[in-house]
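>
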């Protein structure tokens, strides 16, 4: 039978092992001291939180330097057992085994981690015994507010803590606590009831056990990050009362989603269609051969729209593309569409019906549908799911969109060549990721033709504001309006148009989404077995088709009103774009606040273009705040992502 001395020596062995590992890795081997970490602690305000059970895995060090080198980083002892320290540790161990340690330690909490003032050996003993928590008298050290992401996340945690008094659910991404509350049907502005808190603690504990036992500790994200991925796929309610075996089974279906999250939600942008699979060994090719589609075995594609196809410009365009696709492949491809799938119940019923009918692919055309599509993709892993969006990173649902900024760039060139007073109106839809690039490309194109051109920006999604009134109030004669014509009750206020003195509208040009071509190219990747090859080429990344003019999915339609010499200019510029000779985001770039990129710098990356959060220096207007948007617009922004506006990207800032 092991003696208490044996237990101490085992703990010491763990400590010495941790010291050697840290030294070999070039890291500090002993306890971190908070006073060494933040020299300005004395000037930071402190708030006494009270006495509570705290997670032992969040006890990260000591406050002062005095006891640092008595412990390894993992709080295991490293001094000899015959020392006074060793003797006291052994006595404390005996007390814990006989009666149980009940005295609270004293500690400071800083940025969600705990640093011990009094009770280091108690922490050491209980950590050795693998106890989950320890009683502690906690005082919080408040860091100064800043733009540091970790500080922002910490203050979001404080809002969460006020509601829940839960310490151990930690995230590494801004907005995560809000997303957790929304997944639970709650807000961070109210105190949660005791049953809700107990349910969350239980759900999180059960998930943690299943996640870590399944190898989750190999990922460089918090358990909370993975928890958020899980409830995004399976709903929070599914964890309430769930058995460990059920959670493990569900996790086995979404490890790739967690890998993508651990990899920083990276997106592999496919800039051109991959229409042929890579060469493979013939015998393997024959084994893995996908079914050949024919009239007897057609490729079945279901389109699920969240709105009315007869009222929505956007949905109507996709519907025309669906019809073109089926016309091109008569009998080989069978498509069906369902619109007005606005609720989760309607969506799920439509997916179930499609699956029962043998669907091979389900296409959703709004980022608002992504959450529903994700859950459906987990339920039906053999169906290919797509969502028309650009900023959402998931493996279960492939995303697709178009480089519309290329067309907007040409429209900016065209507008500036026709604007007699150098003033051009621009109507934008939503301040979502990817859309700011359209505004800037238009503005850059205009300034390349006319250095004095000014772009008057307005939005069609504002709670208090009407873009037509803005255009009239500023007496703008040339306007880049909504991209698409209404399917019913059509008017001429779309694309690039002029407002004539007699009140009439003259259409000049408009951007084109060639959805029939887009869906044709997507289908070809399936027919040619290139679909799966893209997954192998982009390990641990989400795949987004981001095709443009070169692929023929984006274009600019020009009306006869355009002077022939101006049309020649636009066509020449278009050729330079498709040849990758000209790009609006090459060379020097200037925002309203300063220089973004100096001459000679590399072209902006796809990520930089999509996450653009600034407006070009010749734009008059601003990016609206979330609370300024209509409720419908807020839903779209929440689903697709809104660029965080800051000055942090400026040269020299």
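In the numbering used here, the protein residues as written are 79 to 731. For glycine and all other residues, C-beta sits at the position ideal for the given N, C-alpha and C.
Quick check on DSSP: helix, strand or coil for residue 132?
Numbered from 1 along the chain shown, position 54 holds the residue referred to as residue 132. Reduced to three states, the DSSP call for residue 132 is strand.
> What span of residues does the alpha helix (DSSP H) with residue 490 cover, start to end?
Within the chain shown, the letter at position 412 stands for residue 490. Per DSSP, residue 490 belongs to the alpha helix (DSSP H) from 482–496.
> If you reduce the DSSP assignment to three classes, tell me which class residue 325 lands in.
Within the chain shown, residue 325 is the residue found at index 247, counting from 1. Looking at residue 325 - three-state DSSP - the assignment turns out to be helix.
> Kindly indicate which three-state DSSP category residue 373 falls into: helix, strand or coil?
The sequence position of residue 373 within the chain shown is 295, counting from 1. It is coil, neither helix nor strand.
> In the DSSP output, which residue or residues are listed as bridge partners for residue 188?
Position 110 of the chain shown, counted from the start, is the residue given in the question as residue 188. Bridge partners of residue 188: 191, 219.
> Give me the DSSP bridge partner(s) of residue 111.
Indexing the chain shown from 1 puts residue 111 at position 33. DSSP output for residue 111 lists 140 as bridge partner(s).
> Would you tell me roughly how many angstroms separate the C-alpha atoms of residue 494 and residue 645, rounded to the nearest one?
The count along the chain shown starts at 1 and reaches residue 494 at position 416. The count along the chain shown starts at 1 and reaches residue 645 at position 567. Near 13 Å, if we compare the C-alpha coordinates of residue 645 and residue 494.
> Should the region 497–507 be regarded as contacting the region 556–563, the criterion being three or more beta carbon pairs within less than 8 Å?
Segments in contact, yes.
> In terms of residue numbering, what span does the beta strand (DSSP E) encompassing residue 239 cover?
One-based indexing of the chain shown puts residue 239 at position 161. From DSSP, residue 239 is part of no beta strand (DSSP E) but of the alpha helix (DSSP H) over 227–242.
> Using beta-carbon positions only, say whether residue 254 and residue 302 come within less than 9 Å of one another.
Indexing the chain shown from 1 puts residue 254 at position 176. Indexing the chain shown from 1 puts residue 302 at position 224. In this structure, residue 302 lies closer than 9 Å to residue 254 by Cβ.
> Do residue 94 and residue 148 have their C-beta atoms within less than 9 Å of each other?
The residue labelled residue 94 in the question sits at position 16 within the chain shown. The residue labelled residue 148 in the question sits at position 70 within the chain shown. No; because the gap between Cβ atoms is not below 9 Å, this pair is not in contact.
> Report the three-state DSSP secondary structure of residue 539 (helix, strand or coil).
Stepping through the chain shown from its first residue, residue 539 is reached at position 461. Of the three classes helix, strand and coil, the one that applies to residue 539 here is coil, per DSSP.
> In whole angstroms, give me the CA-to-CA distance for residue 155 and residue 667.
Taking the first residue of the chain shown as 1, we reach residue 155 at position 77. Taking the first residue of the chain shown as 1, we reach residue 667 at position 589. Each residue's alpha carbon lies about 57 Å from the other.
> Excluding the 5 residues preceding and the 5 following residue 239 in the sequence, name in chain order all residues of the same chain whose CB lies nearer than 8 Å to its CB.
One-based indexing of the chain shown puts residue 239 at position 161. Taken in chain order, the residues that qualify are 245.
> Entirely within the region 365–439 and at least 3 residues each: give me those beta strand (DSSP E) ranges in chain order.
Correct list: 377–382, 411–416.
> If you check the beta carbons only, do residue 433 and residue 458 fall under 9 Å apart?
Numbered from its first residue, the chain shown carries residue 433 at position 355. Numbered from its first residue, the chain shown carries residue 458 at position 380. Contact flag set, yes.
> Under the three-state reduction of DSSP, which class applies to residue 363: helix, strand or coil?
As a position in the chain shown, residue 363 is number 285, starting the count at 1. Caution applies to residue 363, whose pLDDT of 46 falls short of 50 and renders its modelled position unreliable; the value that the coordinates give is listed next. Helix.
> Might you give, ordered along the chain, the residues of its own chain that have their beta carbon closer than 8 Å to the beta carbon of residue 111, omitting 5 neighbours on each side?
By 1-based counting over the chain shown, the position of residue 111 is 33. Within the same chain, residue 111 has close Cβ partners 139, 140, 141, 142, 143, 146, 193.
> Does the beta-carbon distance from residue 441 to residue 382 come in below 9 Å?
Along the chain shown, read from residue 1 onward, the residue named residue 441 stands at position 363. Along the chain shown, read from residue 1 onward, the residue named residue 382 stands at position 304. In contact: residue 441 and residue 382 (Cβ atoms closer than 9 Å).
> In whole angstroms, what is the alpha-carbon distance linking residue 86 and residue 210?
Stepping through the chain shown from its first residue, residue 86 is reached at position 8. Stepping through the chain shown from its first residue, residue 210 is reached at position 132. Going by the C-alpha atoms only, they are around 20 Å apart.
> Look up residue 654 in the DSSP assignment and say whether it is helix, strand or coil.
Against the chain shown, residue 654 aligns to sequence position 576. Residue 654 falls in the helix class under three-state DSSP.
> Can you give the Cα-Cα distance for residue 548 and residue 536, rounded to whole angstroms?
Along the chain shown, read from residue 1 onward, the residue named residue 548 stands at position 470. Along the chain shown, read from residue 1 onward, the residue named residue 536 stands at position 458. Distance between the alpha carbons of residue 548 and residue 536: 7 Å.
> Which first and last residues belong to the beta strand (DSSP E) in which residue 347 is found?
Sequence index remark: in the chain shown, residue 347 carries index 269 (1-based). Looking at the DSSP string, the run of the beta strand (DSSP E) that includes residue 347 is 345–348.
> Indicate the three-state DSSP secondary structure (helix, strand or coil) for residue 619 in the structure shown.
In the chain shown, residue 619 corresponds to position 541, counting from 1. The answer is coil: DSSP assigns residue 619 none of H, G, I, E or B.
> Ignore the nearest five residues each way along the sequence and tell me which others in residue 656's own chain have a CB closer than 6 Å to its CB.
Position 578 of the chain shown holds residue 656. Taken in chain order, the residues that qualify are 627, 628.
> Which residues in the same chain as residue 201 place their Cβ atom closer than 8 Å to its Cβ, once the five residues preceding and following it in sequence are excluded?
For this step, residue 201 is matched to residue 123 along the chain shown. Result list for residue 201: 134, 137, 153, 183, 194, 212, in chain order.
> So what does DSSP say about residue 636, is it helix, strand or coil?
Mapped onto the chain shown, residue 636 falls at position 558. Strand, per DSSP.
> Buried or exposed, going by whether 16 or more other CB atoms sit within 10 Å of the CB of residue 460?
One-based indexing of the chain shown puts residue 460 at position 382. By the 10 Å Cβ count, residue 460 comes out exposed.
> Counting only runs that start and end within the region 232–311, where is the alpha helix (DSSP H) found for 4 or more residues in a row?
Listed in chain order, they are 254–261, 272–291.
> For residue 467 and residue 664, I'd like the C-alpha separation in whole angstroms.
Position 389 of the chain shown, counted from the first residue, corresponds to residue 467. Position 586 of the chain shown, counted from the first residue, corresponds to residue 664. If you take the alpha carbons of residue 467 and residue 664, they lie about 24 Å apart.
> Please list the segments of the beta strand (DSSP E) lying wholly inside the region 646–692, counting only runs of 3 or more residues, in order along the chain.
With a minimum length of 3 residues, the continuous beta strand (DSSP E) runs that stay inside the region 646–692 are 667–669, 672–675.
> Mapping DSSP to helix, strand and coil, what is residue 153?
Position 75 of the chain shown, counted from the first residue, corresponds to residue 153. DSSP places residue 153 in coil when its eight states are reduced to three.
> To the nearest angstrom, how far is the alpha carbon of residue 491 from that of residue 551?
Position 413 of the chain shown, counted from the start, is the residue given in the question as residue 491. Position 473 of the chain shown, counted from the start, is the residue given in the question as residue 551. Each residue's alpha carbon lies about 24 Å from the other.
> Quick one: what's got a C-beta closer than 7 Å to residue 335's C-beta in the same chain, skipping five residues either side?
Position 257 of the chain shown, counted from the start, is the residue given in the question as residue 335. Excluding sequence neighbours, residue 335 sits near 307, 311, 472, 473, 474.
> What did DSSP end up calling residue 165 once you bin it into helix, strand or coil?
For the purposes of this step, residue 165 is identified with residue 87 of the chain shown, where counting begins at 1. Residue 165 falls in the helix class under three-state DSSP.
> Kindly indicate which three-state DSSP category residue 574 falls into: helix, strand or coil?
Translated into the one-based positions of the chain shown, residue 574 becomes position 496. In this structure, residue 574 counts as strand in the three-state DSSP scheme.
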